[in-house]
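In this note's numbering, the protein residues as written are 35 to 222.
What follows is a short report on a single structure.
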């Protein structure tokens, strides 16, 4: 049985930020589960950068089924965690089940990849205090309020946490995360 990685996400997650790590980690030989507030078909979104707009635009993205509900997640079954961005982390960060799961990964110092708005989740739990992290640049004040140092980078590594700003950073972000996984949680 291959090592398992968990992705926590929900409706309004950025499609690319779910599917790129999902497929990349499958390609490496890991089993990947997607957990959401309930086991249902999720509706993702596409955030695009359009010239002339002050921020990203949002369009409907892909629909994809969650493998399990957050309440059914046993963090001990997983070697690593991925927190995609989009709008989903805005509400997921307040979910007690998400807080329970994320705390377990930090307590065990397991590899964690976060991108875009994904850092809102561990910032909410206090797990990023004293660490360096990338995030969507508009979240720099949120990162500071959570006690972390914002880094404007495409693959920021702080211990077992690998972070990036948004989906344009995927190649560097996943390259750094896969390197960490090969060291800390290789495929069985």
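Quick reminder that beta carbons are idealized off the backbone N, C-alpha and C, glycines included.
The structure displayed is predicted, hence computed values, not measured ones.
So, residue i versus residue j, is the Cβ gap smaller than 9 Å?
i: residue 79; j: residue 146; result: no
i: residue 42; j: residue 135; result: yes
i: residue 2; j: residue 66; result: Residue numbering for the chain in the displayed model covers 35 to 222; residue 2 lies beyond these limits and cannot be assessed.
i: residue 178; j: residue 165; result: no
Rounded to whole angstroms, how far is the Cβ of residue i from the Cβ of residue j, which I believe are closer than 8 Å?
i: residue 152; j: residue 123; result: 5 Å
i: residue 104; j: residue 69; result: 5 Å
i: residue 206; j: residue 120; result: About 20 Å separates the two Cβ atoms, so there is no contact after all.
In three-state terms, what does DSSP make of residue i?
i: residue 154; result: helix
i: residue 176; result: helix
i: residue 182; result: coil
i: residue 192; result: strand
i: residue 92; result: strand
i: residue 72; result: coil
i: residue 168; result: coil
i: residue 219; result: coil
i: residue 17; result: Because residue 17 is not part of the residues shown, which for the chain are 35 to 222, the question remains open.
i: residue 118; result: coil
i: residue 85; result: coil
Nearest to residue i by alpha carbon, out of the options?
i: residue 61; options: 72, 38, 200, 131; result: 38
i: residue 77; options: 180, 98, 205; result: 98
i: residue 143; options: 193, 155, 175, 173; result: 193
i: residue 130; options: 106, 49, 118, 112; result: 106
i: residue 154; options: 82, 117, 72; result: 117
i: residue 221; options: 90, 59, 45; result: 59
i: residue 75; options: 161, 180, 101; result: 101
i: residue 159; options: 184, 176, 84; result: 176
i: residue 217; options: 86, 71, 113, 94; result: 113
i: residue 200; options: 94, 133, 51; result: 51
Using the Cα positions of residue i and residue j, report the straight-line distance between them to the nearest angstrom.
i: residue 198; j: residue 191; result: 9 Å
i: residue 109; j: residue 36; result: 16 Å
i: residue 92; j: residue 148; result: 20 Å
i: residue 90; j: residue 63; result: 33 Å
i: residue 212; j: residue 115; result: 12 Å
i: residue 210; j: residue 188; result: 10 Å
i: residue 169; j: residue 73; result: 27 Å
i: residue 161; j: residue 167; result: 11 Å
i: residue 204; j: residue 150; result: 11 Å
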